[in-house]
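J.: Let me begin by handing over the structure; questions about it come next.
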Amino acid sequence: MALTVLRLDGVSKLFGALPAVDGVSLEIERGEIFTLLGPSGCGKTTTLRLVAGLEQPDAGEITLRDRIVASVPRRTFLAPHRRNLGMVFQSYAIWPHMTVFENVAYPLELRGVRRAAVRERVAAVLELVGLAGLETRAATLLSGGQMQRLALCRALVYEPDLLLLDEPFSNLDAKLREQMRVELKLLQRRLGVTVLFVTHDQIEALSLSDRVAVMNGGRVEQVGAPRDLYERPASAFVRDFLGQTVILRGVVKELASEDVAVAMEGALAGATLRGRTAPGAALSVGTAVQLAIRPEDIEVTTAGDADGNALVGTIEALLFVGDRYEARVTLGGELLILLLLSRARTWREGQRVQLALPPDLVSVWPA
Amino acid sequence: MTPTSPTGGRVRAIGLRRASRVEAQTIFCSVVLAVVAFCVLFPVVLVVLESFQVAPPGQPAAYGLDGWRAALSEPGLRSALLNTLKVTLVRQLISLPLAVLIAWLLARTDLPGRHWLEFAFWAAFFLPTLTVTLSWILLLDPEYGLVNTALTRVLGKGPFDIYSFWGIVWVHVVTGSLTVKVVLLTPAFRNMNAAFEEASYVAGGTTLRTALRITVPVMAPVILSVLLLGTMVSMQTFEVEQVLGLPFRFFVFSTMVYDLLVTRVPRYDAATALAVLILLAMLPLVFVQQWATRRRRYTTVTGQFHNQPHRLGRWRWAALALLLAVTVIVLGAPVAFALLGTFMKLFGFFHIADPWTLDNWKNVLKDDLFLGSLRNTLVLAVCTAVVALLVHSVIAYVIVRTRYAARRVLDTISWLPFTVPGIILGLALLWLFLGVGALRPLYGTMAVLVIAGLISGMPLGVQIIKSGLLQLGSELEEASRIVGASWWTTYRRIVLRLMAPTLMAVGMITFVGAARNIGNIALLATSQNRPLSIFQLDLIAQRKFEEAMVVACVIMFISLAGALVARFLGLRGSVG
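So the protein sequences, as listed, match chains Z and A. Throughout the first sequence, residue numbering follows numbering that gives the first Met the number 0, covering 0 to 366 in sequence. Throughout the second sequence, residue numbering follows numbering that gives the first Met the number 0, covering 0 to 575 in sequence.
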């Protein structure tokens, strides 16, 4: 049975009169990587700091395993050092006056672990991330990637109930970031530690997490598995924040349960496209709507006339980006959209193309 | 920023009420604020009140405007005010352009030996003013001064007279005015983004044009800030005028205040009215200075820029010669002649037969008064440094690391003593200790002098610790809290260890400040707690220049040793 490690119950935090975190409720289960994803200023880091005990909530309750660590109605607050959490900071916060060994040994010392055991456990955890042999090195002489590994060791060595990661990859270069992402996931699977991860990078969030909570303006917009979020966003914010989206405007012409036929407007006037009602959207004939589809779901062929659920466009600009092409395509002479084209075929600027939009992958949202 | 407070460590576990935790922190911070406000503001208020108290000492209090009338109308007092402004203005006009040039050369060019030269300015910054003044008397005394006697052979008479307005300005420029500006401006120039200058070179600007059109304007807020600091410091001047001004009856406000207080019938009302006038003159400077400091964050970009030093080319050696000459004037000559003066039978008389002797050292070192004063100085300096370190670091910690509502007020108040001239602070504390019955037993003890040093050292001490804490970043502390350390453990094992060099450096600066302090304590010292600096002043008043010189050298050695230690501990002019 899944065990809840962390529970947030209507947690709010005000900065002045502004709610940085606004009634957030979440449950995080043992052994999962749970990610808070959102643009900067959405309250994700504040939420993490509330969990850590570095901020005090203004409303709500936070429960770690079976202990209430912060509760406004009960007027209790547990200081951060009594929560048994691990945390990796964005700046790593490696103590510059200590060696690698001392940095990792410090939390064990605080817990009264005996010297021989400290030595053993530090060696084991350093071995785990490939820092073995660097024990006596001054912490300031490490590279960025090494510092990050060290921060991870320091957070893991005392087997915390929950590991908090605050944008840990943002100070690494692109190559190292990818590598650390894989390493972290492998390590987490091996140790089975529960992770609460904060990031603004959707690729990091989607690739690393078991579940993701997308936050916006201090509130949780949607919680779900990465693939669910990507394919079935519950709100326009989640849809636009995750991945690329092609958006077309129109008015509902026919409605049959989930199937919607939309009369296009503007540059595409005259065309009709079919799609599915977005989750939770209430539509009726005559509603102004947006059709949304992921660029990679559009099937592009060299073509003559629009046929079925399809549009005709012209490649205006073609950018070769290595693994594929990115194309700016005009529809109806003026509307410009971004498409991803396969490298398998040859494309050229000025070429006329047909864009097939599979109705199952087109979602219809109230405008 | 962390919500952790110095009291937060006591919060134990579930069940402890959240409200009480917040209150404890607020109460702690409020106590700190109240104590600091009392120490800083109360003396000032007292001075203002005293200026209206016209009854002679010992008589029942009576209030009136006689003091103010005297300050505003008596020609002697008026001219003292005017002299203060004149000396201040001329000092700044001469020293600022020179300091900007020197700071630019030290920070942004490939001047040979620039690191050593910067260190020389740092050391000179620590030289006791009175010692330097005595050295320059040896050189520029109108009759016996070495420079004058040397030039007499050529010109027929010595051209210089140190006992003159320009003599006073000269000594000021080569003591405080120039070195303090160089010490403050050099790091600021070094941290400027070189891209501003490089863009100008690429656009076709010459070195001179770039320096004048880009570097100096970009740095203008910093330069303004340093100018204002310098102006405030120079309005507090005391020793130089006390030694050089008296012989030709030249008074500035501080020496006039001193004069009014140590005459047979002290005129407290006039003295305090004069003091209030100077405080009023300081006020606009305070506000402009705070404004400039705040603005400056946006104009100078500090950080990790690879600053390619600018090539001086053929100007290299000319610049080096200039700086070496300045270094000799501000450091070499004062130190050498201070030492030389101690070995003279008659201070300043180089032309008598066999002028050298060891008797001065023997006499002074055997003198019980000297030994007592030396002991007093060391006790005073150590106590002040320890107490100040404790108090200043608590203030800085509250300002930087808590969300206490009035932390801005605390910040401003902790900075205010900078604007209170030492002699006024001393006067106010004198009133405080003599006027408040409960505090009277402290008068004549070391505690009085320690408190004076604590207050006068507060602005610099708090500022340096503050910037150290800001650089430290709160995540290093938070990381320790998260892995299971209480607030107190974190403070001991993380904050104190990381701040140790900064704190030690601040301690050394306070130590040196207390050892050479004169203005603050001239009115407070008695025969029981008299430190070396006042002993030296007494020797000068008795015209025992040879022995005063020995004492001056002892203070100088203590100061320079402190400067060396502070520098070694890594304080590289992060002041200001």
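Even glycine gets a Cβ: it sits at the ideal position worked out from N, Cα and C. Predicted model, so just to flag it, every value in this text is computed and none were measured.
#1: Relative to the ligand ATP, is the shortest distance from any of its heavy atoms to the C-beta of Trp169 (chain A) smaller than 8 angstroms?
#2: Between Arg11 (chain A) and Leu360 (chain Z), what straight-line distance do the alpha-carbon atoms span, to the nearest angstrom?
#3: Taking only beta-carbon positions, decide if Glu197 (chain A) is within less than 9 angstroms of chain Z.
#4: Could you check how far apart the C-beta atoms of Leu104 (chain A) and Leu95 (chain A) are, in whole angstroms? I think they sit under 8 angstroms.
#5: Starting from Trp314 (chain A), trace the beta strand (DSSP E) in both directions and tell me its first and last residue.
#6: DSSP state of Tyr62 (chain A), grouped into three classes?
#7: Can you tell me where the beta strand (DSSP E) with Phe33 (chain Z) in it begins and where it stops?
#8: Report the residues of the stretch 475-506 of chain A with a CB closer than 9 angstroms to any CB of chain Z, ordered along the chain.
#9: Who are the near neighbours of Phe369 (chain A) in its chain, counting only those whose CB is closer than 6 angstroms to its CB and skipping five residues on each side?
#10: Let's see if you can read the secondary structure: which residues bound the alpha helix (DSSP H) around Lys85 (chain A)?
#11: Report the option in Z:Ala58, Z:Leu334, Z:Pro95 whose CA atom is closest to the CA atom of Ala150 (chain Z).
#12: Taking Cβ to Cβ, would you say Gln243 (chain Z) is nearer than 9 angstroms to Glu295 (chain Z)?
#13: Helix, strand or coil, according to DSSP, for Arg420 (chain A) in the structure here?
#14: What does Gly472 (chain A) reach in chain Z if we use C-beta pairs closer than 7 angstroms?
#15: With H, G and I counted as helix, E and B as strand and the rest as coil, what does DSSP make of Trp487 (chain A)?
#16: By Cβ distance, which residues of its chain are closer than 7 angstroms to Gly506 (chain A), with the 5 residues on each side in sequence left out?
#17: Going by beta carbon distance, what residues of the same chain come within less than 7 angstroms of Val378 (chain A), once the five residues before and after it are set aside?
#18: Is the beta carbon of Gly217 (chain Z) sitting closer than 9 angstroms to the one on Ser11 (chain Z)?
#19: What residue does the alpha helix (DSSP H) around Glu117 (chain A) start on, and which one ends it?
#20: Do the stretch 470-483 of chain A and the stretch 525-544 of chain A make contact, defined as three or more Cβ pairs closer than 8 angstroms?
#21: Determine whether the beta carbon atoms of Val363 (chain Z) and Val251 (chain Z) lie at a separation below 9 angstroms.
#22: Which of the three DSSP states is assigned to Thr45 (chain Z) in this structure?
#23: For the stretch 166-180 of chain Z, which residues have a CB atom closer than 8 angstroms to at least one CB atom of chain A, in sequence order?
#24: Let me know the secondary structure DSSP gives Lys184 (chain Z) once reduced to three states.
#25: Work out the CA separation of Trp346 (chain Z) and Val328 (chain Z) for me, nearest whole Å.
#26: For a contact meaning CB atoms closer than 7 angstroms, what does His96 (chain Z) contact in chain A?
#27: By the 10 Å Cβ neighbour count, where 16 or more other Cβ atoms means buried, how is Asp367 (chain A) classified, buried or exposed?
#28: Measuring CB to CB, does Trp337 (chain A) end up less than 9 angstroms from Ala551 (chain A)?
#29: What are the start and end residues of the beta strand (DSSP E) that includes Thr230 (chain A)?
#30: Could you tell me the distance, in whole angstroms, from the CA atom of His391 (chain A) to the CA atom of Trp121 (chain A)?
#31: Given a threshold of 16 other Cβ atoms within 10 Å of its Cβ, counted over all protein chains shown, does Leu260 (chain A) qualify as buried or as exposed?
#32: What distance in whole Å lies between the Cβ atoms of Ala514 (chain A) and Leu376 (chain A), which are believed to be in contact at a cut-off of 8 angstroms?
#33: DSSP three-state call for Gln541 (chain A): helix, strand or coil?
#34: Return yes when the Cβ of Thr98 (chain Z) is within less than 9 angstroms of the Cβ of Glu203 (chain Z), no when it is not.
#35: Answer yes if the stretch 226-245 of chain A comes into contact with the stretch 271-281 of chain A, meaning at least three C-beta pairs across the two stretches below 8 angstroms, and no otherwise.
#36: Pro79 (chain Z) touches chain A at which residues, Cβ-Cβ below 7 angstroms?
T.: On the basis of the coordinates in this document:
#1: Absent from the structure shown: the ligand ATP. Ligands present: none.
#2: With a pLDDT of 37 at Arg11 (chain A), under the threshold of 50, the modelled position of that residue is not reliable, and no figure is offered here.
#3: Using a Cβ-Cβ cut-off of 9 angstroms, Glu197 (chain A) does not count as an interface residue toward chain Z, since no Cβ of chain Z sits closer than that to its own.
#4: The pair is not a contact, with the Cβ atoms about 15 angstroms apart (cut-off 8 angstroms).
#5: That residue, Trp314 (chain A), is in no beta strand (DSSP E); it is neither H nor E in DSSP.
#6: Looking at Tyr62 (chain A) - three-state DSSP - the assignment turns out to be strand.
#7: 32-36
#8: Leu475, Glu476, Glu477, Ala478, Ser479, Arg480, Ile481, Val482, Gly483, Ala484, Ser485, Trp486, Thr488, Thr489, Arg492, Ile493, Arg496, Leu497, Ala499
#9: Val363
#10: 74-107
#11: Selected option, being the one with the closest Cα: Z:Pro95.
#12: yes
#13: This sequence places Pro at residue 420 (chain A); Arg is not what is there. Coil, per DSSP.
#14: Contact annotation for Gly472 (chain A) against chain Z: Ser90 [CB-CB distance below 7 angstroms, chain order].
#15: DSSP places Trp487 (chain A) in helix when its eight states are reduced to three.
#16: Counting only Cβ-Cβ distances below 7 angstroms, and skipping sequence neighbours, we find Ala384, Leu388.
#17: Cβ contact annotation for Val378 (chain A) (same chain, cutoff 7 angstroms, sequence separation greater than five): Met445, in chain order.
#18: yes
#19: 113-124
#20: no
#21: yes
#22: helix
#23: none
#24: helix
#25: Each residue's alpha carbon lies about 12 angstroms from the other.
#26: Arg496, Leu497
#27: Exposed, because fewer than 16 other Cβ atoms sit within 10 Å of the Cβ of Asp367 (chain A).
#28: Checking the sequence, you will find Ala at residue 337 (chain A) rather than Trp. Taking 9 angstroms as the Cβ cut-off, Ala337 (chain A) and Ala551 (chain A) qualify as a contacting pair.
#29: Counting along the chain, Thr230 (chain A) falls outside any beta strand (DSSP E), though it belongs to the alpha helix (DSSP H) covering 219-233.
#30: Between His391 (chain A) and Trp121 (chain A), the C-alpha separation is close to 23 angstroms.
#31: By the neighbour-count criterion, in which 16 or more other beta carbons inside 10 Å mark a residue as buried, Leu260 (chain A) falls on the buried side.
#32: Before going on, a small fix: residue 376 (chain A) reads as Thr here, not Leu. Contact flag correct, Cβ pair sits at about 6 angstroms.
#33: coil
#34: no
#35: yes
#36: Near Pro79 (chain Z) (Cβ distances below 7 angstroms), the residues of chain A are Arg480, Ile481.
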